[in-house]
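Enquirer: Every position in the sequence shown, counted from 1, becomes a number in this note's numbering once 491 is added. Yeah, the Cβ is synthetic: ideal placement off N, Cα and C, and Gly gets one too.
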Amino acid sequence: MHDSVATFYGGYDQVALRRHVPSRVPWVRVALVLAVVLLLVFVAADVAAIASGPVTVRVTSIDWYAEGGLLASTSGLSVRGGTTFVASLSCTTLCFRVLGVTAAAPFEVSQLSVVDSPLQWVNVTVRAPTSAYVGPLALTLVLPD
Numbered sequence: 492m493h494d495s496v497a498t499f500y501g502g503y504d505q506v507a508l509r510r511h512v513p514s515r516v517p518w519v520r521v522a523l524v525l526a527v528v529l530l531l532v533f534v535a536a537d538v539a540a541i542a543s544g545p546v547t548v549r550v551t552s553i554d555w556y557a558e559g560g561l562l563a564s565t566s567g568l569s570v571r572g573g574t575t576f577v578a579s580l581s582c583t584t585l586c587f588r589v590l591g592v593t594a595a596a597p598f599e600v601s602q603l604s605v606v607d608s609p610l611q612w613v614n615v616t617v618r619a620p621t622s623a624y625v626g627p628l629a630l631t632l633v634l635p636d
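#1: Taking VAL532 as part of the alpha helix (DSSP H), name the residues at either end of that continuous run.
#2: Once the 5 residues before and after GLY591 are set aside, which same chain residues still bring their CB inside 7 angstroms of it?
#3: Would LEU628 pass as a contact of TYR556 if the rule is Cβ separation under 8 angstroms?
#4: Exposed or buried, which one is PHE598 when buried takes at least 16 other CB atoms within 10 Å?
#5: Which residues bound the beta strand (DSSP E) around SER581?
#6: Considering only their Cβ atoms, is the gap separating VAL617 from PHE576 smaller than 8 angstroms?
#7: To the nearest angstrom, how far is the alpha carbon of ARG549 from that of ARG571?
#8: Strictly by DSSP, which residues pair up with GLU599?
#9: Going by C-alpha to C-alpha distance, which of VAL589, THR621, PRO517, LEU610 sits closest to ASN558?
#10: Please go through the same chain and pick out, in chain order, the residues whose beta-carbon is closer than 8 angstroms to the beta-carbon of SER569, but skip the five residues on each side of it.
#11: Using only CA atoms, which one of LEU561, ALA526, SER622, ARG515 lies nearest to ALA596?
#12: For the beta strand (DSSP E) that contains PRO627, what are its first and last residues?
#13: Looking at C-alpha atoms only, which residue of GLY560, VAL600, GLN611 is the closest neighbour of SER581?
#14: Out of ALA536, GLY573, LEU562, which has the shortest C-alpha to C-alpha gap to LEU585?
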């Protein structure tokens, strides 16, 4: 029995007569899509790791001040953010009695060592900022009144 109107609407009267074709999963395509997605995840992770990597602090010069004046200026250095380094100042003729040292922000002084013989050496351990920085480091000697 055939419905002539059914053919006009797409032949729904013959649906039961069609053979069911089992759907095949294209495993190669699924594997390729999965590989591309994994590759994108790994690339995104690498980009995030590089972007959040260690920051560099570049000190262009180390300027030493006392009583409002510049005593000396030494060459700079580059360090990783958050690490410590030692800045040294020597004195041979007219030396000051140093009570302490302060560092301009964003640096912090973590230790001070003054050696008086035969030359006077002021050794300051400074902690670099954790964020990127390019510029001078100003160290001010604290002297007795």
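Expert: In brief:
#1: Numbered from 1 along the sequence shown, position 41 holds the residue referred to as residue 532. Counting along the chain, the alpha helix (DSSP H) containing VAL532 begins and ends at 518-542.
#2: Along the sequence shown, read from residue 1 onward, the residue named residue 591 stands at position 100. LEU603, VAL633, listed in sequence order.
#3: Indexing the sequence shown from 1 puts residue 628 at position 137. Indexing the sequence shown from 1 puts residue 556 at position 65. Not closer than 8 angstroms, so no.
#4: Taking the first residue of the sequence shown as position 1, residue 598 is located at position 107. The residue in question, PHE598, is buried, as its Cβ has 16 or more Cβ neighbours within 10 Å.
#5: As a position in the sequence shown, residue 581 is number 90, starting the count at 1. From DSSP, the beta strand (DSSP E) with SER581 extends over 575-582.
#6: Sequence index remark: in the sequence shown, residue 576 carries index 85 (1-based). Sequence index remark: in the sequence shown, residue 617 carries index 126 (1-based). Yes, Cβ-Cβ distance for PHE576 and VAL617 is below 8 angstroms.
#7: Taking the first residue of the sequence shown as 1, we reach residue 549 at position 58. Taking the first residue of the sequence shown as 1, we reach residue 571 at position 80. Distance between the alpha carbons of ARG549 and ARG571 is about 9 angstroms.
#8: Looking up residue 599 in the sequence shown gives position 108. The partner list for GLU599 (beta bridge, DSSP) reads ARG618.
#9: Taking the sequence shown and counting its residues from 1, the one referred to as residue 558 is at position 67. The question names Asn, but residue 558 is Glu in the sequence shown. For the residues VAL589, THR621, PRO517, LEU610, the minimum Cα distance to GLU558 belongs to VAL589.
#10: Start at 1 with the first residue of the sequence shown, and residue 569 comes out as number 78. The answer, listed in chain order, is THR547, VAL548, ARG549, VAL550.
#11: Taking the first residue of the sequence shown as position 1, residue 596 is located at position 105. Of LEU561, ALA526, SER622, ARG515, the residue nearest in Cα terms is SER622.
#12: Here the question's residue 627 lines up with position 136 in the sequence shown. Unbroken beta strand (DSSP E) run through PRO627: 624-633.
#13: Here residue 581 refers to the residue found at position 90 when the sequence shown is read from its first residue. Among GLY560, VAL600, GLN611, the Cα nearest to that of SER581 is on GLN611.
#14: Stepping through the sequence shown from its first residue, residue 585 is reached at position 94. Of ALA536, GLY573, LEU562, the residue nearest in Cα terms is LEU562.
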